[in-house]
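Protein chains in written order, with the working numbering: chain V, 328 to 958; chain W, 328 to 958. The structure under discussion appears below in the form of C-alpha cells.
Here is the structure:
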C-alpha cells in the first residue's frame, strides 16, 4: 500500500426517490473533497436513488433516469476518485421477474474514467441480498451470486478489488454493500474473498436502518470480520428516513472508519450530514474508544430517533403543523411533547375531546400539559354529537320492501357506545380540524394496544403517522419519566404519569375508581414482544411456563405471573385470549398509519401479517391438556 | 412406462394457516382414492398449510406443527402413493434470514413408506422461487438452486424423478411446483431437466392465484414446455382464497391433465372442490378441446370470481351479514348486488345517507335498487350531524395559554365540508350500524378513484373489504350492464347506469345539472392502468403521445385524447396532475381495506408503494420542453 490515502466519507441525508436532490448534494461534496485535497470520496449504498422505494424499481424510465446520473458523477470525478451506490441495469438480460435485470451496485470512477477491476468496468454488485424484515432486495435485484452461477464461475472470480492509482502508486479497494458484511447466515463472506483477492482496504456502502440498541453490534461484527481479514474498513451509511408505506425507517448514519484491528478511527455524529476525512495507511489517525452507551444514552437515542423521524415526516408534507388529541393520558402526552419539540409548540393544535366519561383528573392533566408545552389548545366536547348519533341510531328502522315489511331496529351495546366516542373524536373532530387548518393529525397508539387491537378502527387507529406504534406501554412510561429528568422540569405532569391507564370510554374505565385498561402491562408488554419480536408461538410460552422459566426468558419480574394468574387455567385462558386478539386484530393494523420503526420488529411491512385467524399447534393442545389435568 | 396408472388429482379448498382443517380433507380424499382403486393421489402446493401466510413462516412451532402432519399422511399412504405440498424444514441449517432453513417442498409416500429418488427420501424442493407481485417465496424458502450451489453440484443432479412401483412395474414421476413451470425468465427449466433425467410423467403442484384472462395462457405455457419434453403433465391447483393482509387472492383451481402433446385430457370445474380421476398410459383418456372463452364468459368469470372472493371472506368472519352504503351510484349498486347474491338479500343492510347535496334521482335509484334486490333498507340523513359538526367547528377557539392568548378560529373550506360528509357516512353511520348489528360494512371504491385518491380517508376509503378496488370505472359499468343481461331483468336500475358518475358532495357535483366526477374515465382508466399494470412512467406516456401512438397503445378510442386535450399544454397539465394524485394519494391506500385482486396488478401487497412523493425524470422534462415549445 502507498504511504497514505486521504479519504472523505460523505454521510448524506438521502431523499428516497429524488435523485435530482441527491445528485446536487453529491456534486457539492465532490467539489469540496477536491478542494481539500482528498484522493477518494465515498458515498453510501443507493445514494443516488434511495433504497426503500417499494416497487418503483419496476418503473423502467425512472431506473434509466437513475443510471443516467452516473455519467454526471463520472465526469465530476476529474481530480480524484469517487465511489457511490446506485442501481445497475442490464437491459439485455432479464431479471427473474421478467423485467430488465437490475443490480444493487457500487460505482467507481477516477479522473473522469471508470475504474476497471478486470471483471467489471467501473462497478461491482452486491453479493448478499437481504429479504427479511423490511428488506426486499431479492425482489428487485439480481445478486453477484446468481451472476457467478449463470456464468459458471466462482464468486471469487467476480469479487475483485479495484486498483486506484494515487500519486503514482496503486492501492486495491474492495467495495461491498451493506448486507455483504452481515454474512453470518450466508455461505459466503465477501469481505474475506476480497481481501484474499488482494484488497488493501474494504469499503462498505450501506443504507442500514437504525434499530434501538443495534450500533454496538455493528462494531462487534466488523471486529470479528477483521480478525480473519485485517485491513482498514470504512463503513459509509446515510442519514434521513425512508418510508416504505407502512414503516418509517430511521437512518442514523453512524458511519465509521475502523483500523485493521477493528478499533475505531473515526465515527460521524448520528443523524447529521457530515463528511469524515481520514488518512489511511501508515500515517493513519489514532484509535478512539468504542463508545459504550449508558442506560441514559439508550433513552436519549430513542428520543432523538423519534424526533428525527417525526421531523423528516413533516418535511415531506406541505405543512409543518399538526393536530393532536390530548386525552390526559400518557401516550398523547408523549406525542404532544415530541411534536412540540419538532414543530415548535406554536405549530401544534391540541384538542381535548371529553365525553361524559372523562374525569376531571385527565381533563385537567390535558390542559396542564398543553400549558406546560405552550401548545394551541381547545376543548371540543363530543357528548352532543355522540348523543345525536345514539338518538339517530335508536330511531332508524330497516325495512325489506318486498317481504313482510318487517322492520328491524337496532340494539346499542355498551361496546358500540365506546366505539362511537372513539370514532367521533378521530374521524369527525380531529379529521375536520386538520382539514380546516390544512394540516394532518397524528396517531397516539402504542405497540401494546396496536398488537391487541385495544383501539377503535376509524377511531384512535386514525392518523397520518404513528410515532409510538413500535413502543410498548411500559417503555412509554419510561421515556416520559426520562423526559422530565432530561428537561429538568415536570414537562409531563405527574398526574399523567400517576393516573391508571384508561380509555375512559365507559364507567367500567373510571379512573377516579382506579379502573383502567384490561391489560396487565408488565406481563403483556413482554408477552407481545415475544410474539412480535421473538416470533414466539403460544406453544413456546406454554413450554416456558411449564418449565418455570417464563419470567426469566421474557424478563418479567419474578413472581408476577403467579400473582396475575393463580391457576394454570387462568394463565392459559389469558394466553389464548391475547393470542386470539393479536391474530384477529390484524384487520385494524391493515388500515393503520405508517409506524416509525425502532424495535427489532415493527408492525407494517417489517412484519407482514396475513389475515388467517387463529390456530393452536397440536403440541400446544397436548401441553395444555397436561397442564390442566395437573392443575 | 407401465400400461396404465390411475391417478386422482384432488383440488381442495385450502384453509390457509389451518392445517387441522386441511389434513382432514386430505385424509378423506386418500381414503376415497384407495376405495376407488387409484394408484396415486396428487394434492396441490402447500396444501397442508396454505401458501400466502405472510411472516407466519417465522413461527417455528407452527412450522414444526406443519411438518408433523407429514407423518399422518405417510401412514395414510398404505395401499397407494400420495404426493402433496408442504414446508420442509432443516433445523440443522440456517436460511439466509438466520432462522431454521425452510423449503417449499413436495412430499411423496407409497404404501406407508417415503419414496426415494436417490437424492432425497420422500421429498423434493421447489427450484424457482417467485418474488414479484404478491409472491415472497425467496423471503421464506431456500431453493433447490441455492442448495445445488451450496453442495457444489449441478441442479440436474438434484432434480431426480421418483420411481413408483405400480403393479410390479416402475414409473418415474417428476414433481415440480408452480413457478417451476413458469420458467421463461429463469436460466433453468425444471421440467426439461426432470424429463431428461427420465421422468415419464410431470406433476405440477401449484398454488396459483387466478388473474382475470390468465387461464388460456397457462395452457399455452404447458404446450410449449411439452414440445421440448413430451410427457403427460398433471397440473394440480387448489381453490379457496388467501388473504395476505392487503389483498385477497382467488384460487380457481382449474387443475388440468395434459397429454404429452399439450392437448387437454381433463380439467376441473373452476372454484369447486373436485377430484379428477384419470388414466395415464397407452389407455389414457382421449383429448378434449381447449376451452376458448367468449367475451361473455370473460365477464361471467369476473362475476363468479368476485362472488367467490366475497363469500370466502365472509366465511372467515363470525357473521354472514353486511352493512353497505347505497348512494344511488354505480359502484355501491354493484357491491349491493354481489352481497345480495353471496349472503342473501335478507342479510344485507343497505342504507342511503343523503345530505342536502343528494339529488332525488340518486336517492330514488338507491331505494329502487334495494327494492329490486330485496335488501333491508333504511334512509339515514346526515345533514343534522354535518350541521352540528360545522357549528361546533365554527365555535371552536384555540388558545395558547402561555403566550399572548391569541385565539385561533377555523376556516371551513368547501373541500372540508365535502370530506365531513364522507367521513360522517362511513366512520359515524356505517361503522355504528355495523357495530349495532354485529356485522361488518363493505367498501365501494373502484380502482380508478383508489388510484387517484378521489375518495376521503376515514370516509369512503373505509370498510372491511374492497370487492371492486381492482376494477376500473368503465369495467364496473360493463359488469353492471352485463348483470342486467345475465339476470334477464333490470336488477340494477337504468337510472343508475345512466346518471353521470358523481360524489354529490357539493353543488359542483350536482347530477341534475349533469355535473359529476372530475375524471375523464374513458381516458383516465387507461392511463391509470398503464401506471399500475404496465408500470409506465409519465415519460412513457409523453413519448407515446409525441409519437401519436398513445391511443393505440393504451387501447383508447381514436381521437379521444385530442378531444379531451386541445393543446400539448392541456395534455401535459393533466398528465402531471394525475401522476401527482397517483403518487400523493398513496397515504390513503396505506389505510385502505384488503382488495380482492383480479387484475395483473392490484393495489396492496401486490403493488408495494413507498411514500416518496412525486418525481419526473430528466427525459420527461426534456420531452415536455420540446412539446411545449412546438405547441
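We put the beta carbon where it would ideally sit given N, CA and C, even for glycine.
Express the C-alpha separation of residue j and residue i in angstroms, rounding to a whole number.
{"i": "residue 603 of chain W", "j": "residue 395 of chain W", "result": "27 Å"}
{"i": "residue 529 of chain V", "j": "residue 599 of chain W", "result": "58 Å"}
{"i": "residue 550 of chain V", "j": "residue 691 of chain V", "result": "54 Å"}
{"i": "residue 688 of chain W", "j": "residue 704 of chain W", "result": "17 Å"}
{"i": "residue 808 of chain V", "j": "residue 653 of chain V", "result": "18 Å"}
{"i": "residue 916 of chain W", "j": "residue 333 of chain V", "result": "48 Å"}
{"i": "residue 852 of chain V", "j": "residue 881 of chain V", "result": "10 Å"}
{"i": "residue 381 of chain V", "j": "residue 576 of chain W", "result": "20 Å"}
{"i": "residue 800 of chain V", "j": "residue 828 of chain V", "result": "9 Å"}
{"i": "residue 796 of chain V", "j": "residue 632 of chain V", "result": "14 Å"}
{"i": "residue 476 of chain W", "j": "residue 863 of chain V", "result": "32 Å"}
{"i": "residue 897 of chain V", "j": "residue 888 of chain V", "result": "10 Å"}
{"i": "residue 579 of chain W", "j": "residue 608 of chain W", "result": "28 Å"}
{"i": "residue 503 of chain W", "j": "residue 449 of chain W", "result": "14 Å"}
{"i": "residue 606 of chain V", "j": "residue 390 of chain V", "result": "35 Å"}
{"i": "residue 641 of chain W", "j": "residue 787 of chain W", "result": "20 Å"}
{"i": "residue 466 of chain W", "j": "residue 924 of chain W", "result": "21 Å"}
{"i": "residue 617 of chain V", "j": "residue 456 of chain V", "result": "29 Å"}
{"i": "residue 858 of chain W", "j": "residue 377 of chain V", "result": "21 Å"}
{"i": "residue 959 of chain V", "j": "residue 953 of chain W", "result": "No information on residue 959 of chain V is available, as it lies outside the stretch 328 to 958 that chain V covers here."}
Looking only at DSSP bridge pairs, what is residue i linked to?
{"i": "residue 775 of chain V", "result": "According to DSSP, residue 775 of chain V bridges with nothing at all."}
{"i": "residue 441 of chain W", "result": "W/436"}
{"i": "residue 788 of chain W", "result": "Paired residue(s): none; residue 788 of chain W is not in a bridge."}
{"i": "residue 451 of chain W", "result": "W/433"}
{"i": "residue 516 of chain V", "result": "DSSP output for residue 516 of chain V lists no bridge partner at all."}
{"i": "residue 504 of chain W", "result": "W/532"}
{"i": "residue 951 of chain V", "result": "Residue 951 of chain V is not bridged to any residue."}
{"i": "residue 728 of chain V", "result": "Bridge partners of residue 728 of chain V: none, in fact."}
{"i": "residue 334 of chain W", "result": "W/367, W/605"}
Alpha carbons only, please: which of the options is nearest the one belonging to residue i?
{"i": "residue 823 of chain W", "options": "W/809, W/837, W/813, W/804", "result": "W/804"}
{"i": "residue 740 of chain W", "options": "V/763, V/485, V/911, V/740", "result": "V/763"}
{"i": "residue 913 of chain W", "options": "W/721, W/941, W/925", "result": "W/941"}
{"i": "residue 365 of chain W", "options": "W/383, W/381, W/404", "result": "W/404"}
{"i": "residue 460 of chain V", "options": "V/430, V/526, V/571", "result": "V/571"}
{"i": "residue 769 of chain V", "options": "V/775, V/761, V/506", "result": "V/761"}
{"i": "residue 780 of chain V", "options": "V/759, V/754, V/717, V/845", "result": "V/845"}
{"i": "residue 453 of chain W", "options": "W/430, W/642, W/444, W/462", "result": "W/430"}
{"i": "residue 638 of chain V", "options": "V/646, V/669, V/649", "result": "V/669"}
{"i": "residue 432 of chain V", "options": "V/451, V/747, V/418", "result": "V/451"}
{"i": "residue 702 of chain V", "options": "V/335, V/633, V/671", "result": "V/671"}
{"i": "residue 560 of chain V", "options": "V/918, V/545, V/948", "result": "V/545"}
{"i": "residue 816 of chain W", "options": "W/675, W/664, W/957", "result": "W/664"}
{"i": "residue 623 of chain W", "options": "W/481, W/872, W/540", "result": "W/540"}
{"i": "residue 412 of chain W", "options": "W/686, W/837, W/370, W/860", "result": "W/370"}
Check your understanding: For the segment 722-746 of chain V, which residues have a beta carbon sitting closer than 8 Å to at least one beta carbon of chain W?
Key -> Answer set for the segment 722-746 of chain V: 723, 724, 725, 726, 727, 728, 729, 730, 735, 737, 738, 739, 740, 742, 743, 746.
Review point. Along the chain, which unbroken stretches of the beta strand (DSSP E) at least 3 residues long are found entirely within the segment 355-425 of chain V?
Key: With a minimum length of 3 residues, the continuous beta strand (DSSP E) runs that stay inside the segment 355-425 of chain V are 367-369, 408-421.
Point to revise | Members of the segment 639-672 of chain W that neighbour chain V once the beta carbon cut-off is set at 7 Å | key: Result list: 643.
**Study point:** Ordered list of alpha helix (DSSP H) runs contained in the segment 861-935 of chain V, each at least 4 residues
**Key:** Within the segment 861-935 of chain V, the runs of alpha helix (DSSP H) at least 4 residues long that lie entirely inside it are, in chain order, 865-874, 877-881, 887-891, 895-911, 913-917.
Point to revise | Contained beta strand (DSSP E) runs [length at least 3] in the segment 616-678 of chain W, N- to C-terminal order | key: Listed in chain order, they are 649-652.
**Study point:** Contact set between the segment 669-694 of chain V and chain W, restricted to residues whose Cβ is under 9 Å from the partner
**Key:** Residues 672, 673, 676, 677, 678, 694.
Point to revise | Proximal residues, the segment 562-591 of chain V versus chain W, C-beta separation under 8 Å | key: The residues in question are 569, 570, 571, 572, 573.
**Study point:** Contacting positions in the segment 698-714 of chain W - beta carbon closer than 8 Å to chain V
**Key:** Contact residues of the segment 698-714 of chain W toward chain V are 698, 701, 702, 703, 704, 705, 707, 711, 712 (C-beta to C-beta distance below 8 Å).
Check your understanding: In chain order, which continuous runs of the alpha helix (DSSP H) of length 4 or greater are located wholly inside the segment 540-613 of chain W?
Key -> Listed in chain order, they are 542-555.
Review point. Given a limit of 8 Å on CB to CB distance, which residues of the segment 383-403 of chain W reach chain V?
Key: Cβ proximity to chain V below 8 Å picks out 383, 385, 386, 387, 388, 389, 391, 392, 395 from the segment 383-403 of chain W.
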